[in-house]
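These notes are about the structure you will find just below.
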Amino acid sequence: FKHIPFDDLIDEKKIKIVDELEVGNVELFVERKFLRVLSTERADESDNETEEQTVELTFKEVSEMNQIHKVFLLSNEPGMGKSIEMIKVGERLKAKFPSHFIAFVELVKFVDVFDRDSNPLTEFSSSESVSDFLCSKILKIKNFKAEIFCKLFNDGRVVFLFDGFDEICIGYKEFVLKLAKGIIEHTKNQLWISSRPNFEEDIQENLEPITLRLKPMTLTDEKKIIREILLSKRLQIENFDAKVNEIFGFV
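Sequential numbering of the sequence shown, starting at 24, is according to my numbering.
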């Protein structure tokens, strides 16, 4: 048999590495722009209100930043679509980097792991300690697939999507931040983390991410979502736009 280097098997797509994004299909999705938070300043010294300086970015522009920046925080209030956006980020990055391992981690599903392992003595002091923990406790992969993951992990070809940092209890947050810090300090892999804004300061202090917000949906976006819901239920409505305007209070 001809000997083929392991790297070539991966790069030439002779090894399948597409099963790791096991999150199901997102049926309803409207692509939105991001708002990158540049600074947060007090609007008036006499009160506690702050004013953000932001710049609008497309996903393409954000993805091009990963050559320099490796950590991204998606911070929004509940109901803004963070989890769906994280899934779509994974799908789009997989399309852009087909030989990367995309690991979507819904943090709340691993509270039992954090409960057993979150203690002050746990350290992630090397890339090996990080990859061993991720393989055995989070991704739960072994044998050949674990070898593929470790190879890509050491090469900086893994994207981690830590979804729902705000949904785990406070006692586990320090451990998750320690794990995230181990990823970014000992490897060149990319990390995305989503949370509500009330935990933004802790994440920024520990991980120094690029902070992003989802731009709110426009009326056109909302109409598109409603139309897709109706079509998915095989409903047809005459004068659709006029009826939607009526729903939203427009005349």
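Ideal placement from N, C-alpha and C gives every residue a C-beta, glycine not left out.
Model, not experiment: these values are computed from the prediction.
Could you compute how far the alpha carbon of residue i sits from the alpha carbon of residue j?
{"i": "Y195", "j": "S217", "result": "15 Å"}
{"i": "V274", "j": "C173", "result": "For V274, the pLDDT reaches just 39, beneath the cut-off of 50, and the residue's location in the model is therefore unreliable, although a value from the coordinates is still provided. Approximately 58 Å, taken between the alpha carbons."}
{"i": "V136", "j": "L242", "result": "42 Å"}
{"i": "K132", "j": "F222", "result": "19 Å"}
{"i": "S98", "j": "M88", "result": "18 Å"}
{"i": "A126", "j": "L237", "result": "21 Å"}
{"i": "A118", "j": "E79", "result": "23 Å"}
State yes or no: is the C-beta of residue i within less than 8 Å of the C-beta of residue j?
{"i": "L61", "j": "L235", "result": "no"}
{"i": "L230", "j": "F147", "result": "no"}
{"i": "S106", "j": "D178", "result": "no"}
{"i": "V53", "j": "M240", "result": "yes"}
{"i": "R115", "j": "F156", "result": "no"}
{"i": "F188", "j": "V199", "result": "yes"}
{"i": "D138", "j": "K160", "result": "no"}
{"i": "H209", "j": "V128", "result": "no"}
For residue i, does the three-state DSSP call read helix, strand or coil?
{"i": "I206", "result": "helix"}
{"i": "P121", "result": "coil"}
{"i": "R59", "result": "strand"}
{"i": "D155", "result": "helix"}
{"i": "T241", "result": "coil"}
{"i": "D186", "result": "strand"}
Got a sec? Which residues, its chain only, sit under 8 Å from residue i by beta carbon, not counting five neighbours each side?
{"i": "I207", "result": "K93, V94, L214, L230"}
{"i": "K36", "result": "Confidence at K36 is low in this model, with a pLDDT of 48, below 50, so its placement is unreliable and no value can be given for it."}
What does DSSP give as the partner residues of residue i in its beta bridges?
{"i": "T234", "result": "L96"}
{"i": "R115", "result": "Paired residues: none, contrary to the question."}
{"i": "A126", "result": "F183"}
{"i": "S218", "result": "S98"}
{"i": "L80", "result": "F57"}
{"i": "E146", "result": "In the DSSP output, where bridge partners are listed per residue, E146 has none listed."}
What does a CB cutoff of less than 6 Å around residue i pick up in its chain, not counting 5 residues either side in sequence?
{"i": "S86", "result": "none"}
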